[in-house]
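Peer 1: Protein chains in written order, with my numbering: chain R, 3 to 144; chain U, 3 to 144; chain A, 3 to 144; chain G, 3 to 144.
Protein chains: 4
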Amino acid sequence: MNKVFLIGRLARDPELRFTAGTGIAVATFTLAVDRNYVGQSGQREADFIPIICWRKLAEVVANNLSKGRMVAVSGSIQTSSYQAQDGSKRYRTDVVADEVKFLDWPNKDGGSGFRGGISHDDVNVSDDTGFFPVDGDDDIPF
Amino acid sequence: MNKVFLIGRLARDPELRFTAGTGIAVATFTLAVDRNYVGQSGQREADFIPIICWRKLAEVVANNLSKGRMVAVSGSIQTSSYQAQDGSKRYRTDVVADEVKFLDWPNKDGGSGFRGGISHDDVNVSDDTGFFPVDGDDDIPF
Amino acid sequence: MNKVFLIGRLARDPELRFTAGTGIAVATFTLAVDRNYVGQSGQREADFIPIICWRKLAEVVANNLSKGRMVAVSGSIQTSSYQAQDGSKRYRTDVVADEVKFLDWPNKDGGSGFRGGISHDDVNVSDDTGFFPVDGDDDIPF
Amino acid sequence: MNKVFLIGRLARDPELRFTAGTGIAVATFTLAVDRNYVGQSGQREADFIPIICWRKLAEVVANNLSKGRMVAVSGSIQTSSYQAQDGSKRYRTDVVADEVKFLDWPNKDGGSGFRGGISHDDVNVSDDTGFFPVDGDDDIPF
DNA sequence: TTTT
DNA sequence: TTTT
Numbered sequence: 003m004n005k006v007f008l009i010g011r012l013a014r015d016p017e018l019r020f021t022a023g024t025g026i027a028v029a030t031f032t033l034a035v036d037r038n039y040v041g042q043s044g045q046r047e048a049d050f051i052p053i054i055c056w057r058k059l060a061e062v063v064a065n066n067l068s069k070g071r072m073v074a075v076s077g078s079i080q081t082s083s084y085q086a087q088d089g090s091k092r093y094r095t096d097v098v099a100d101e102v103k104f105l106d107w108p109n110k111d112g113g114s115g116f117r118g119g120i121s122h123d124d125v126n127v128s129d130d131t132g133f134f135p136v137d138g139d140d141d142i143p144f
Numbered sequence: 003m004n005k006v007f008l009i010g011r012l013a014r015d016p017e018l019r020f021t022a023g024t025g026i027a028v029a030t031f032t033l034a035v036d037r038n039y040v041g042q043s044g045q046r047e048a049d050f051i052p053i054i055c056w057r058k059l060a061e062v063v064a065n066n067l068s069k070g071r072m073v074a075v076s077g078s079i080q081t082s083s084y085q086a087q088d089g090s091k092r093y094r095t096d097v098v099a100d101e102v103k104f105l106d107w108p109n110k111d112g113g114s115g116f117r118g119g120i121s122h123d124d125v126n127v128s129d130d131t132g133f134f135p136v137d138g139d140d141d142i143p144f
Numbered sequence: 003m004n005k006v007f008l009i010g011r012l013a014r015d016p017e018l019r020f021t022a023g024t025g026i027a028v029a030t031f032t033l034a035v036d037r038n039y040v041g042q043s044g045q046r047e048a049d050f051i052p053i054i055c056w057r058k059l060a061e062v063v064a065n066n067l068s069k070g071r072m073v074a075v076s077g078s079i080q081t082s083s084y085q086a087q088d089g090s091k092r093y094r095t096d097v098v099a100d101e102v103k104f105l106d107w108p109n110k111d112g113g114s115g116f117r118g119g120i121s122h123d124d125v126n127v128s129d130d131t132g133f134f135p136v137d138g139d140d141d142i143p144f
Numbered sequence: 003m004n005k006v007f008l009i010g011r012l013a014r015d016p017e018l019r020f021t022a023g024t025g026i027a028v029a030t031f032t033l034a035v036d037r038n039y040v041g042q043s044g045q046r047e048a049d050f051i052p053i054i055c056w057r058k059l060a061e062v063v064a065n066n067l068s069k070g071r072m073v074a075v076s077g078s079i080q081t082s083s084y085q086a087q088d089g090s091k092r093y094r095t096d097v098v099a100d101e102v103k104f105l106d107w108p109n110k111d112g113g114s115g116f117r118g119g120i121s122h123d124d125v126n127v128s129d130d131t132g133f134f135p136v137d138g139d140d141d142i143p144f
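(1) Based on the DSSP secondary-structure assignment, which residues constitute the bridge partners of U/D49?
(2) Note the first and the last residue of the continuous beta strand (DSSP E) segment covering G/K69.
(3) Going along chain R in order, which residues have a C-beta closer than 8 angstroms to the C-beta of G/S76?
(4) Check the Cβ of A/K58 against every Cβ in chain U and list those closer than 8 angstroms, keeping chain order.
(5) What does the alpha-carbon distance come out to for the pair U/A74 and R/A86?
(6) Classify U/L59 as helix, strand or coil using the three-state DSSP reduction.
(7) Ends of the beta strand (DSSP E) at R/V127?
(8) Does the beta-carbon distance from U/W56 to U/V28 come in below 9 angstroms?
(9) Over what stretch of residues does the beta strand (DSSP E) that includes G/L18 continue unbroken?
(10) May I have the straight-line CA-CA distance separating U/D129 from U/V102, to the nearest angstrom?
(11) Let me check one thing: in DSSP terms, what residues is A/I9 bridge-paired to?
(12) Beta-carbon of U/E61 versus every beta-carbon of chain A: anything under 9 angstroms?
(13) Excluding the 5 residues preceding and the 5 following U/D15 in the sequence, name in chain order all residues of the same chain whose CB lies nearer than 6 angstroms to its CB.
(14) How far does the beta strand (DSSP E) with A/R92 in it reach, from first residue to last?
(15) Could you tell me which chain U residues have their CB closer than 7 angstroms to the CB of R/I9, listed as they occur along the chain?
(16) Check whether the region 37-54 of chain U touches the region 36-54 of chain A, counting contact only when three or more Cβ pairs, one atom from each stretch, lie closer than 8 angstroms.
(17) Which residue's Cα is closest to the Cα of U/A13: U/M3, U/I53, U/I26?
(18) Got a sec: which bits of the region 36-56 of chain A sit with their beta carbon under 9 angstroms from any beta carbon on chain G, in order along the chain?
(19) May I have the straight-line CA-CA distance separating A/L33 from A/I51, to the nearest angstrom?
(20) Whose C-alpha, out of U/N65, U/L18, U/G10, is nearest the C-alpha of U/V35?
(21) With a threshold of 6 angstroms on Cβ separation, who are the neighbours of R/T30 within its own chain once the five nearest residues in sequence on each side are excluded?
(22) Can you tell me which of the three DSSP states G/I26 falls into?
(23) Taking only three categories from DSSP, how would you classify U/S43?
(24) By Cβ distance below 7 angstroms, which residues in the same chain neighbour G/Q80 in space, the five residues on each side in sequence not counted?
(25) Please confirm whether G/I79 has its beta-carbon closer than 9 angstroms to some beta-carbon of chain A.
(26) Report the residue from U/V125, U/A60, U/L105, U/R94 whose alpha carbon sits nearest the alpha carbon of U/G25.
(27) Residues in the region 91-107 of chain A with C-beta within 8 angstroms of chain U's C-beta atoms, listed in sequence order?
(28) For G/S78, count the other beta carbons within 10 Å of its own beta carbon; 16 or more makes it buried, fewer makes it exposed. Which is it?
(29) Using the Cα positions of A/V127 and G/A22, report the straight-line distance between them to the nearest angstrom.
(30) Pick helix, strand or coil for A/Q87, following the three-state DSSP scheme.
(31) Which chain R residues are close to A/S68, counting only those with a beta carbon under 9 angstroms from its beta carbon?
(32) Roughly how many angstroms lie between the CA atoms of U/V63 and U/F104, to the nearest whole one?
(33) Express the C-alpha separation of A/Y39 and A/S114 in angstroms, rounding to a whole number.
(34) Can you tell which of U/L8, U/K58, U/F7 has its C-alpha closest to the C-alpha of U/F20?
Set out below in structure tokens:
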């Protein structure tokens with residue numbers, strides 16, 4: 003069992019890429035999740051959590067979300083390792099989303115990047131295709 | 003909101019340390035959480051998730067768990083950054099546990115490292131002291 | 003382990019009561035949680051989940067939420083039994099909240115019942131007093 | 003969003019039925035989930051939560067679990083209403099499972115009802131067929 | 001008895 | 001109607 007539930011705001015616009023081998027869509031963004039306490043500086047603190055979405059979910063996210071938007075994400079934690087520039091092994095931890103629910107509505111006037119005509123009350127996108135079938139050609143492009 | 007629920011096995015024995023300033027106990031271990039699919043190699047794959055426990059929970063975990071034990075962990079994702087040896091900024095992601103439930107019982111004969119006399123059915127430890135009050139002297143010792 | 007995570011809208015205004023014995027505040031409301039599918043009628047369907055909040059959380063909820071407001075609730079499932087009018091035993095299932103996050107902002111003009119001056123981005127109330135100490139005088143008043 | 007995560011023991015053997023219309027398998031059982039506190043009587047208390055499994059998951063559960071077995075369940079809360087004998091409207095709340103993980107191993111000698119040859123470390127069954135398509139003929143048979 |  |  004590996005379950006994660008988060009509510010936060012996009013710390014940056016999503017990036018959409020495609021796997022080299024099979025052209026599967028993958029979107030990535032960072033979610034800023036407020037902590038329940040206030041830090042030393044008297045400032046609200048947040049965790050900045052890297053999120054990965056696959057396939058249709060990736061496309062809906064990339065086409066409809068932008069920096070500052072509030073979402074709920076359910077998914078799981080995924081760890082991976084990779085070779086750094088200097089040859090050393092590095093580890094990374096991401097949340098792979100299987101559901102993203104849009105929770106706010108950008109300022110009508112603000113041009114905040116929302117590009118869809120979908121009512122935010124209806125948007126609860128899920129990735130029913132499950133996990134990404136790693137097959138050598140389809141390394142995650144980051 | 004930032005909620006995590008995991009079930010897996012300790013990939014290594016827990017390490018117990020104390021913060022420099024105030025001597026608060028902190029235990030760390032890695033949890034191996036099986037994925038629901040089988041990888042290329044035909045082998046079961048797992049995510050290796052770093053877990054942090056504080057205070058009393060840290061002590062109970064360090065004194066009663068060891069490599070191979072199965073537990074359920076609830077908690078939250080915490081991200082932090084630190085200076086690497088070479089001066090570059092690195093990021094890490096951990097799960098801070100607020101509850102750990104012991105799910106199995108080591109072989110009576112096996113010497114698996116269990117050092118307590120607590121029935122596994124009763125062990126559900128929680129950290130009700132909440133988040134760690136960062137106050138300059140109490141940097142996380144890793 | 004008993005963990006619940008819900009996002010939905012209040013199907014009715016919260017009710018605030020106090021336990022007979024010790025006067026502890028308890029608020030109840032029903033949360034309408036949309037299902038991810040559309041029913042036979044072609045209509046969106048929802049689950050109507052009874053929520054219970056205790057103490058300070060009860061008061062914040064009763065004073066600041068009203069029918070239609072969107073919230074995220076984390077908590078646990080609690081079952082109980084009671085004597086029906088006709089003497090038969092009945093069972094009920096509720097979610098006891100330990101955190102409620104306010105997710106929307108009522109129409110400034112609409113008089114939706116919001117009575118606080120708190121920015122919705124800051125409102126994430128938790129019940130750190132833990133479970134309700136059942137002691138005979140303090141039966142749940144419903 | 004509607005997510006539930008439970009760990010507990012079956013309070014009774016699962017019951018397997020089939021929908022009248024389309025013969026879809028549905029298993030039901032009650033999960034006893036220990037509370038973290040001890041009640042007035044000085045006894046450990048539990049919540050008794052009704053669980054519903056559909057299709058393949060229903061069959062695996064019915065064929066492999068029995069009273070007393072420990073499992074982790076992830077799923078969602080579902081509410082429904084029905085006509086009681088006396089004509090009055092009643093409400094019920096169930097957890098619809100989408101994943102069940104077997105967490106213990108019955109006494110080899112005890113004849114506890116385990117009928118499979120599956121290692122408990124491998125058993126993590128999920129219902130990927132999603133929600134049950136209510137279509138008039140397929141009312142839940144209880 | 002149900003929300004948008 | 002409840003489990004260890």
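Positions of the beta carbon are idealized from the N, C-alpha and C atoms, including for glycine.
Peer 2: Here's the rundown:
(1) U/V35
(2) Segment: none, G/K69 is in no beta strand (DSSP E) and carries neither H nor E.
(3) M3, K5
(4) Neighbours of A/K58 on chain U: none; closest Cβ ~15 angstroms, over 8 angstroms.
(5) 32 angstroms
(6) helix
(7) 126-128
(8) yes
(9) 17-20
(10) 9 angstroms
(11) A/A74
(12) no
(13) S68, K69
(14) 91-104
(15) M3
(16) no
(17) U/I53
(18) D36, R37, N38, Y39, G41, Q42, E47, A48, D49, F50, I51, P52
(19) 5 angstroms
(20) U/G10
(21) E17, I54
(22) coil
(23) coil
(24) D96, V98
(25) yes
(26) U/A60
(27) E101, K103
(28) buried
(29) 46 angstroms
(30) coil
(31) Neighbours of A/S68 on chain R: none; closest Cβ ~18 angstroms, over 9 angstroms.
(32) 9 angstroms
(33) Below a pLDDT of 50, predicted positions are generally treated as unreliable, and A/S114, at 39, falls in that range; the measurement from the model is reported next regardless. Going by the C-alpha atoms only, they are around 29 angstroms apart.
(34) U/K58
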